[in-house]
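Take 445 as the starting number for the sequence shown in this note's numbering and just add one per residue. Glycine included, C-beta positions come from ideal geometry on N, C-alpha and C. Just below is one structure, and these are the notes that go with it.
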Amino acid sequence: MKKRLLLFLFVIGILMQPMVINAYSVENKLNDSHKNVYAGSNFTSMDTFYLNNPLNITNLNLSDPTADFSFWHFIDSGKQSEYAIVTFRTEDGVEKSYTITPDPKSFGQHYAVITPSSWKLLDGISYANKSGNFNLSHSGRHEATMGKIRALAYLNPFYYEVIPHKYYERTVDKFYERTVDKFYERTVVDYYQRTVDEFYERKVDEYYFRDVIEYYHRYAQQYAVPVFSKKVNSIDNTLVTRLTYNNDTNKAEAINGGVFKNGHTYVEIDVNDAESEEGIWFTIADSSKNNGKKTPDKYNRPIDYKYNVRIYGNKLIISFDDDLVSASVGAYVVNNPKDFPGNAPKHYKNTAVISLPKDYKSTVYLYTHIESLNWYDNEGAYEFVEWRMDESKTKYFDYELDRTEKGSYELYDKVEHDYDLVKTEYGDYVYVKTEYGDYKLVDTKYGDFKLVKTEYGEYELVKSSEVRNKKFVSYEGTLTLTVNGEVMPLNQDLILAPGIYTFTLSGTGNVFETVSKIVTIRTGINDDVLFDDFIYTLADDIKNPVIHEEDLEATIHEENLEATIHEKDLEATRNDSDQEAKKHYKDIEGEKFWLDKETIKEYKELYIFRPVINLGNEIDPYNIYAIRLN
């Protein structure tokens, strides 16, 4: 079967002949392994590219430590694209798509675009009139490494203008007298009483009840759905290239490469064959050392998977077919096997692109080292795993009555009604007694007060106060700002590396104490550091005191003359009252009530499950009920 290659094409500066691009008819989609990635950590110069700048990002100066952006370089190997649409996800999780055009000098092959450094590449598609691979050639992130901050200070020098005030007072006493007459009365009360008899009756009712219980159950129907999965082959051992031997004896020799002492291998690459569209396929093998295994079929044990080698634009590209799930690939390419270094090569995810050595000829030698290899078995086909219960589809039926049980009648309650008044009988009033109350003051009449005399005291100092008016003046000293002990300009932008700093402000003349602030610097532009709490005062300017003299409110002295007493009896008040009633009670025979209690319904919590019904089938992983695990 023909294998489709997954390639990273790192091609820069290829010379091409001009051509006329017709209306596009082909969609070259972005390589799957290039999706859902952030820009690389190594920044590459963008001076030679026509730059797409859809967000109008302006801080592209590499010498500006606060510049912050990512650079993306795409290649359409079809070389006749007219435009592309690329989609990114912002740091807030929002997806944004932009239309970009290729570099005019590249004849529809190269694209370059910039975004904020925090954005992630999700997808892309290039529209061309020739099929090709649309790849992310390389990318780089230029992140801010310094921060901008400014220190500001404000001073408020002032003095007080002090105006003293003195307050004097004197007492004023006034003396009055008046006549007083007092009037008294007392009550005279006559008391009468009579007897009161009240008669009451009430009913008594008896209630009987019995229990009524209904028992219910209900059915439930469960459903199962098919589960499918792709079988994944996984090898975590160290893997190398499987060699070809001239025979299968203990004296066999490799005819297309060689073996190192540690069991790793290298192969000879025909450059002309590798430059073909199909490239060269190599079988992968376990690199365990011989350990007494004498023939080639016992060591460098082959596995049932291959990798592809292709040479394109002075690059050797290692890739796999569509069955690949993941791999870690490292490799070296040399002109002579003796040039292989002794250290482990750099590893890449899923594919590897290695520069060819200088002055290479028709043959080069490749050392390949693969770790953590995973690939789909059976060309990625889904296989049936199990039938799984789908609780969301379980159907529960209505409750059904099983039986009804009734208990015996029992006396449940006896209700005694309230007594109702039937009649009341009153006797005649009979005189009981007469009481005289004490005399109580009912009125007092006062004459008018008349001024007898007024006396004035001497003025005396009662308090002193002052008015302090704040007067602001200009500060004529020098302010000095230090950051971690180093003198810095005040009220100007400072460029500092991220970190924690001590900002200190001092002034000449010792007019205020030195003040420090702990400040955290972050990349980009930071909030201002504000020194606004410096206040100092000059000597007070004291004015002549202001004198205040005033009279206190007069104290009133009032005196009553001895009162004249007036006493008399009021007309007697008659009081009639009832004695406490005698109450007579009796019960009247009540009624009997025979009733059923409110029906009690008992429901079984355990359902009666009917046989499980399977939805879908075991051969179609794409039916509407199927679950696909990977």
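Tell me residue 540's beta-bridge partners as DSSP assigns them.
Here residue 540 corresponds to residue number 96 of the sequence shown, with the count starting at 1. Its beta-bridge partners are 532.
Measure the C-alpha to C-alpha separation of residue 515 and residue 587 and round it to an integer number of angstroms.
Counted from its first residue, the sequence shown places residue 515 at position 71. Counted from its first residue, the sequence shown places residue 587 at position 143. Those two C-alpha atoms are separated by around 11 Å.
Ends of the alpha helix (DSSP H) at residue 472?
Residue numbering aside, residue 472 sits at position 28 when the sequence shown is read from its first letter. Per DSSP, residue 472 belongs to no alpha helix (DSSP H); it is in the beta strand (DSSP E), 470-473.
Would you mind giving the Cβ-Cβ distance between residue 527 and residue 498, rounded to the nearest angstrom? I have them listed as a contact below 8 Å.
Stepping through the sequence shown from its first residue, residue 527 is reached at position 83. Stepping through the sequence shown from its first residue, residue 498 is reached at position 54. By a beta-carbon distance limit of 8 Å, residue 527 does not contact residue 498. Their separation comes to about 12 Å.
Between the stretch 799-813 and the stretch 835-854, can you find at least three pairs of beta-carbon atoms closer than 8 Å?
In short, these stretches do not touch, since the Cβ pair count stays below three.
Could you check whether residue 805 and residue 684 sit closer than 9 Å to each other, using their CB atoms as the reference points?
Walking along the sequence shown from the start, residue 684 turns up at place 240. Walking along the sequence shown from the start, residue 805 turns up at place 361. Result no, Cβ atoms of residue 684 and residue 805 do not sit closer than 9 Å.
To the nearest angstrom, how far is the alpha carbon of residue 511 from that of residue 786?
Position 67 of the sequence shown holds residue 511. Position 342 of the sequence shown holds residue 786. Approximately 41 Å, taken between the alpha carbons.
Tell me the residue span of the alpha helix (DSSP H) that contains residue 718.
Here residue 718 refers to the residue found at position 274 of the sequence shown. That run of the alpha helix (DSSP H) goes 715-718.
Against chain C, does residue 527 count as a neighbour if the rule is that its beta carbon must be under 9 Å from one of theirs?
Here chain C cannot be found, since the structure has a single protein chain.
Three or more C-beta pairs under 8 Å: does that hold for the stretch 559-568 against the stretch 921-940?
no
For a test of the three-state rule: what should DSSP assign to residue 802, helix, strand or coil?
Indexing the sequence shown from 1 puts residue 802 at position 358. Residue state, collapsed to three classes: coil.
On the premise that residue 534 lies in contact with residue 496, defined as a C-beta separation below 8 Å, what is that separation, rounded to the nearest angstrom?
Locating residue 496 in the sequence shown gives position 52, where the first residue counts as 1. Locating residue 534 in the sequence shown gives position 90, where the first residue counts as 1. Not a contact, Cβ separation roughly 17 Å.
To which residues of the same chain is residue 440 closer than 6 Å at the C-beta, ignoring the five residues directly before and after it?
The chain is shown from 445 up to 1074; residue 440 falls before or after that span and cannot be answered.
Consult DSSP for residue 1062 and reduce its assignment to one of helix, strand or coil.
Looking up residue 1062 in the sequence shown gives position 618. Of the three classes helix, strand and coil, the one that applies to residue 1062 here is coil, per DSSP.
State the start and end residues of the unbroken beta strand (DSSP E) segment that holds residue 781.
Here residue 781 refers to the residue found at position 337 when the sequence shown is read from its first residue. From DSSP, residue 781 is part of no beta strand (DSSP E); its letter is neither H nor E.
Evaluate contact between the stretch 827-845 and the stretch 786-796, counting only Cβ atoms and requiring at least three cross-stretch pairs below 8 Å.
Touching, no.
To the nearest whole angstrom, what separates the beta carbons of residue 795 and residue 773, a pair I think is in contact under 8 Å?
Mapped onto the sequence shown, residue 795 falls at position 351. Mapped onto the sequence shown, residue 773 falls at position 329. Residue 795 to residue 773, Cβ: 7 Å. Contact.
Taking the alpha-carbon positions, what's the residue 1070 to residue 778 distance?
Residue numbering aside, residue 1070 sits at position 626 when the sequence shown is read from its first letter. Residue numbering aside, residue 778 sits at position 334 when the sequence shown is read from its first letter. Approximately 51 Å between the Cα atoms of the pair.
Just checking my contact of residue 799 with residue 759 at CB under 8 Å: how many whole Å lie between their CB atoms?
Translated into the one-based positions of the sequence shown, residue 799 becomes position 355. Translated into the one-based positions of the sequence shown, residue 759 becomes position 315. Contact holds; Cβ gap of about 6 Å.
Output the boundary residues of the beta strand (DSSP E) element that contains residue 820.
As a position in the sequence shown, residue 820 is number 376, starting the count at 1. Per DSSP, residue 820 belongs to the beta strand (DSSP E) from 807-820.
What are the complete beta strand (DSSP E) segments, minimum 3 residues, inside the stretch 552-616?
554-559, 564-572, 578-586 and 591-614
Identify which residue in 997, 972, 940 and 822 has its Cα closest to the Cα of residue 590.
As a position in the sequence shown, residue 590 is number 146, starting the count at 1. The candidate whose alpha carbon is nearest that of residue 590 is 940.
Could you check what DSSP says for residue 842 in three-state terms: helix, strand or coil?
By 1-based counting over the sequence shown, the position of residue 842 is 398. Three-state DSSP puts residue 842 in coil, outside helix and strand.
Taking 8 Å as the cut-off, does the stretch 748-756 touch the stretch 711-728 (at least 3 CB pairs, one atom from each stretch)?
Counting C-beta pairs closer than 8 Å gives three or more between the stretch 711-728 and the stretch 748-756, which meets the contact rule.
For residue 595, which of 839, 926, 724 and 748 has the nearest alpha-carbon?
Counting from one through the sequence shown, the residue named residue 595 turns up at place 151. The shortest C-alpha separation from residue 595 is found at 926.
With DSSP collapsed to three states, give me the class of residue 451.
Reading the sequence shown from its first residue, position 7 is the one you call residue 451. Because residue 451 carries a pLDDT of 29, less than 50, the predicted location of this residue cannot be relied on, and no value is offered for it.
Return the chain-ordered list of same chain residues with a C-beta closer than 6 Å to the C-beta of residue 970, the five sequence neighbours on each side being excluded.
Walking along the sequence shown from the start, residue 970 turns up at place 526. Result list for residue 970: 591 and 593, in chain order.
According to DSSP, is residue 763 helix, strand or coil?
The residue given as residue 763 occupies position 319 in the sequence shown. The answer is strand: DSSP assigns residue 763 an E or B state.
Classify residue 554: buried if its beta carbon has 16 or more other beta carbons within 10 angstroms, exposed otherwise.
Residue numbering aside, residue 554 sits at position 110 when the sequence shown is read from its first letter. So residue 554 counts as buried.
State the Cα-Cα distance for the pair residue 704 and residue 693, rounded to the nearest angstrom.
Here residue 704 is taken as the residue at index 260 of the sequence shown, counted from 1. Here residue 693 is taken as the residue at index 249 of the sequence shown, counted from 1. Distance between the alpha carbons of residue 704 and residue 693: 19 Å.
What does the alpha-carbon distance come out to for the pair residue 723 and residue 540?
Taking the sequence shown and counting its residues from 1, the one referred to as residue 723 is at position 279. Taking the sequence shown and counting its residues from 1, the one referred to as residue 540 is at position 96. If you take the alpha carbons of residue 723 and residue 540, they lie about 37 Å apart.
Could you compute how far the alpha carbon of residue 481 sits from the alpha carbon of residue 597?
By 1-based counting over the sequence shown, the position of residue 481 is 37. By 1-based counting over the sequence shown, the position of residue 597 is 153. Distance between the alpha carbons of residue 481 and residue 597: 46 Å.
Does DSSP put residue 1068 in a helix, a strand or coil?
Along the sequence shown, read from residue 1 onward, the residue named residue 1068 stands at position 624. Three-state result, residue 1068: coil.
Secondary structure at residue 1054, three-state DSSP: helix, strand or coil?
Counting from one through the sequence shown, the residue named residue 1054 turns up at place 610. Coil at residue 1054, not helix or strand.
Rounding to the nearest angstrom, what Cα-Cα distance links residue 949 and residue 943 in this structure?
Against the sequence shown, residue 949 aligns to sequence position 505. Against the sequence shown, residue 943 aligns to sequence position 499. Whole-angstrom Cα-Cα distance: 19 Å.
In this structure, how does DSSP classify residue 707 when only helix, strand and coil are distinguished?
As a first step, residue 707 must be located in the sequence shown, where it is residue number 263. The answer is coil: DSSP assigns residue 707 none of H, G, I, E or B.
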